[in-house]
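Presented below is the structure to which this report refers.
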Amino acid sequence: MSTEAITIGIGLTVVLAVGSQILAGLIRVPTIIVLLIVGFLAGALTDAVNPDDFLGPAFSPFVTLAVAVILYDAGLSFDLRRMGTSTSHLVARLIVVGVPITWGVAAFTSMWLLGLSPHAALTLGAILVVSGPTVVIPLLAFVRPTLTLERVLAWESVLIDPVGAILGALVAHAVVSSAGAVSLIGGAGQFMGSVGTGLVGGLVGVLALWVLLVKIPSGEVLDAAAQLAVVLGVAAVCDALRDDSGLVAAIVIGLVLANRHEFEIPVRRPFLETLVQLILGVLFISISATVTPSSLQGVIVPTLGLVAVLVLFARPVLVAIATVRSPLRPHERAFVAWMAPRGIVAAATASTFGASLAEAGIPGAAKILPVTFLVIVVTVSLYGLTAVPVARRLGVARSATSKPLIVGDDPWVVDLGKALLDSDLEVVLWAGQEEQRQRIGARGLQLADEELLAAATGAGAELEDITIVLLLSGEDDFNALASALLEGSLEGQVFRLPARDPVGGAVAPYLGARSLFSPHLTGEEIDRRHRMGARIVTQPVSEGVPAGFDVLFVIRPDGVLVPTIEGVTPHLHDGSVCVLLTGAAEQPETPERSERPARATDATGLEPDIGGD
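According to this note's numbering, the sequence shown holds residues 4 to 616 in order.
Below, the structure is given as structure tokens:
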């Protein structure tokens, strides 16, 4: 293959990877489906997108190291402190029980339906035990099940990936080297050896990043580059010692960085997140491009049967066994039983070991990759299309109703919180000083933990169940800095008050999330009008907006809170409720407080004056 053809192939692969992800977002379907279909079509219609041609023998190591980076990034998202003892036990049981059941059922069914040899069937069964965070986590974000279910399924998907990859590697090597004649004790010893190698490598990687990120930090871009270099280096060494032990090392490094206080820095920077998305897209395009139309002939219908057995028999049986005497209720167990899509690790493992077994002359091994490809497409499509209605039917989906976090304690801010609470929204307020917190609690409003902002801004921890953050303190720079740090820490959005002076302040004019309300309706102006007698009230859209009133928010019929942003009023749907700032009275009322508490450093390390003017 010429240099020009290789250059075109690499460029086209990247373009298709990014374009597919953009298209998936536009048409609102799981990204993996678009990637797999586009990659398959590209491989069928052109010879340019063929990683075997422009990477050759380097393709398999590239896939392994790329998956290590993806799993490292997944590990960064998990805080063990939120897992809980019961959740950890349940996840462990799902893996311990699920791996042998799924492996055995998939192997037997593939021999029966696909006509695979026992050796090829055992390898395929080992490959299909995995699910994967790259598929499960986006689906959970879309479905929004209860927090317990979200944690159980997300943790299972992260931890089962290296287990399945190592198991697949052990079975494939045993089949190639000795026609499958490997003892149970010997296989278990090899498995534990791979896990141990990964654990040791992970600890070495953590030590290296402790030096690079904590002792000699080099700035945002270099910190992200240091993480990438360490993860790739450690994974490469571990894989050289034991196949796929690098995946264990990558997850260990990510989990430790996410859970040790020494690393309470925003480790998931935009550079790293962008790189992971690019790697994910390139992997799926590359792997699916190696699946030819001819390889699918004769396997489509049997594979649909295999998927039916996995979905309707294997998964429900293993969940029923693993959740015995668990705190999960029957309908929660049913949802766990209906969530087991396959993802990138299954594709990567099938691409690597399917080819090696085929070259070794193992009967049926050539079907491993196309069958895995079809299993991924069908399971992701099935669960992606049915997860939401199933969750609603079972009553495990969280309500769409917004749960705002309001930062601030000025009288008008507390009134706003009370108005939203009276409109059946679950409102949480945060303030840094005890006197302020007591004032908020006296109004019957829920207080956020004092360390909430420190955890969210310092360690990048997600604000669980918070759908929107409203930064309404009286300090513009604090609002701007906090919004910049909080963005990306929750599923929803972050908004702040407009700066009082569009050109003043240290950072407010240049940094932070989008501004609430109209540019002239600053916190200072609202506070002034509030002291003049203006109040925050709610009324149905059908009653109209009186003259002199300002629309601050609209609460849609489904309970979603939509703010006025930079002067643009939300669409007023029938059945919605407006949150309004009334016109001011002619005579000012007595302020609810005349003195401001002394300035104090809050949990984020900034010095905001939450009290306002």
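Note that the Cβ used here is the ideal one computed from N, Cα and C, for glycine as well.
Which residues DSSP lists as bridging residue i, in chain order
{"i": "A400", "result": "P148"}
{"i": "C581", "result": "Q542 and V557"}
{"i": "V472", "result": "L408 and V497"}
{"i": "Q449", "result": "V431"}
{"i": "L162", "result": "The partner list for L162 (beta bridge, DSSP) is empty, contrary to what the question assumes."}
{"i": "L154", "result": "The residue asked about is misnamed: residue 154 is Arg in this sequence, not Leu. Its beta-bridge partners do not exist; DSSP assigns none."}
{"i": "R517", "result": "F498"}
{"i": "V571", "result": "I568"}
Element boundaries [alpha helix (DSSP H), containing residue i]
{"i": "F57", "result": "P54 to F57"}
{"i": "P296", "result": "P296 to L299"}
{"i": "V416", "result": "P414 to D425"}
{"i": "L29", "result": "T6 to I30"}
{"i": "R259", "result": "In the sequence under discussion, the amino acid at residue 259 is Val, which differs from the Arg named in the question. Taken as a continuous stretch (DSSP letters only), the alpha helix (DSSP H) holding V259 covers S248 to N262."}
{"i": "I73", "result": "F62 to G78"}
{"i": "G477", "result": "Neither: G477 is in no alpha helix (DSSP H) and is coded neither H nor E."}
{"i": "A325", "result": "R318 to A325"}
{"i": "I40", "result": "T34 to L48"}
{"i": "H533", "result": "G526 to R534"}
{"i": "T293", "result": "Looking at the DSSP string, T293 is not in any alpha helix (DSSP H), and its letter there is neither H nor E."}
{"i": "V304", "result": "I303 to V312"}
{"i": "L360", "result": "I347 to E362"}
{"i": "A123", "result": "P121 to I130"}
Range covered by the beta strand (DSSP E) that runs through residue i
{"i": "F338", "result": "Run containing F338: none in the beta strand (DSSP E); it sits in the alpha helix (DSSP H), P333 to A340."}
{"i": "Q542", "result": "I539 to P543"}
{"i": "D553", "result": "D553 to I558"}
{"i": "R499", "result": "Q496 to R499"}
{"i": "P566", "result": "L564 to P566"}
Own chain residues within Cβ distance below 8 angstroms of residue i, not counting five before or after
{"i": "L231", "result": "V72, L275 and L278"}
{"i": "P407", "result": "L423, L428, V430, V431, I469, T470, I471, V472, L473 and L564"}
{"i": "F498", "result": "I471, V472, L473, L474, S486, A516, R517, S518, L519, P566 and I568"}
{"i": "S521", "result": "P501, D553, T567, E569 and G570"}
{"i": "V21", "result": "L281 and G284"}
{"i": "T293", "result": "G46, N53, P54, D55, S354 and L372"}
{"i": "P141", "result": "P33 and T34"}
Nonlocal neighbours in the same chain, by C-beta distance under 6 angstroms from residue i, ignoring five residues either side
{"i": "T404", "result": "G562"}
{"i": "V416", "result": "L475"}
{"i": "T352", "result": "I130, A168 and G171"}
{"i": "P573", "result": "V557 and V565"}
{"i": "L244", "result": "T200"}
{"i": "S617", "result": "Only positions 4 to 616 of the chain appear in this structure, which leaves residue 617 out of reach."}
{"i": "W341", "result": "V393"}
{"i": "L26", "result": "V37"}
Beta-carbon proximity of residue i to residue j, cut-off 7 angstroms
{"i": "C581", "j": "V557", "result": "yes"}
{"i": "L39", "j": "S291", "result": "yes"}
{"i": "V133", "j": "L93", "result": "no"}
{"i": "L79", "j": "A229", "result": "no"}
{"i": "D530", "j": "D413", "result": "yes"}
{"i": "T126", "j": "V174", "result": "yes"}
{"i": "L117", "j": "P344", "result": "no"}
{"i": "S160", "j": "T200", "result": "no"}
{"i": "V399", "j": "F356", "result": "no"}
{"i": "H176", "j": "I365", "result": "no"}
{"i": "V146", "j": "V391", "result": "yes"}
{"i": "R440", "j": "L450", "result": "yes"}
{"i": "A110", "j": "G128", "result": "yes"}
{"i": "G204", "j": "C241", "result": "yes"}
{"i": "A349", "j": "T375", "result": "yes"}
With 16 other Cβ atoms within 10 Å as the buried cut-off, status of residue i
{"i": "G447", "result": "exposed"}
{"i": "K370", "result": "buried"}
{"i": "G14", "result": "exposed"}
{"i": "V18", "result": "exposed"}
{"i": "F62", "result": "buried"}
{"i": "P33", "result": "buried"}
{"i": "I303", "result": "exposed"}
{"i": "P136", "result": "buried"}
{"i": "D480", "result": "buried"}
{"i": "I409", "result": "buried"}
{"i": "D226", "result": "buried"}
{"i": "P330", "result": "exposed"}
{"i": "E7", "result": "exposed"}
{"i": "P148", "result": "buried"}
Own chain residues within Cβ distance below 7 angstroms of residue i, not counting five before or after
{"i": "V234", "result": "A71, V72, Y75, G208, A253 and I256"}
{"i": "T585", "result": "A537, R538, V540 and F552"}
{"i": "I104", "result": "A317, V320 and L321"}
{"i": "T16", "result": "V52, V285, I288 and S289"}
{"i": "L162", "result": "V94 and I98"}
{"i": "V383", "result": "P33, I35, I36, V138 and P344"}
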